[in-house]
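Asks:
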Amino acid sequence: MKKMLIVGMILLFSIGCAGMETQYQRNMLTNAGIWGMIGAGTGAAIAAVTKGDPVKGAVLGGIGGAFLGAGNTPAPTYAPPPRY
């Protein structure tokens, strides 16, 4: 059941990016990676200070950071068409 849930989530997220242009997808991927690493480090640090499991803190922080990074990627802006 757990594997089916993971495959379903991957399918859902990949369908959501189907209509986006590739540069915007790259920007989302970059932001998700950067903020995911920041979240993982922060989560591990907080878990270590509070005597919790740093691995669980890193995983939860990384997932949260990746979602925040991808969700806060600014939408692409396009130049207005020229007027003749």
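Sequence positions in the sequence shown follow the working numbering and run 82 to 165.
Here a beta-carbon is modelled for each residue, glycine too, at the ideal position from N, C-alpha and C.
#1: Assuming the contact rule is C-beta atoms closer than 8 Å, A147 and G117 should be a hit. Round their C-beta distance to whole Å, please.
#2: Tell me where the alpha helix (DSSP H) around K137 begins and ends.
#3: Assuming A139 contacts A121 under a Cβ cut-off of 8 Å, what Cβ separation, rounded to an integer in Å, is found between them?
#4: R107 lies in the alpha helix (DSSP H); which residues open and close that run?
#5: Going by other Cβ atoms of all chains shown within 10 Å of its Cβ, with 16 needed for buried, is G143 buried or exposed?
#6: Kindly indicate which residue of A129, L93, V136 and G114 has the alpha-carbon position closest to the one of N153.
#7: Is G89 helix, strand or coil when you go by DSSP?
Replies: Result, derived from the coordinates:
#1: 4 Å
#2: P135 to G152 is the extent of the alpha helix (DSSP H) around K137.
#3: Confirmed, Cβ separation roughly 4 Å.
#4: T103 to V130
#5: buried
#6: The alpha carbon of N153 has as its nearest neighbour, out of A129, L93, V136 and G114, the alpha carbon of G114.
#7: helix
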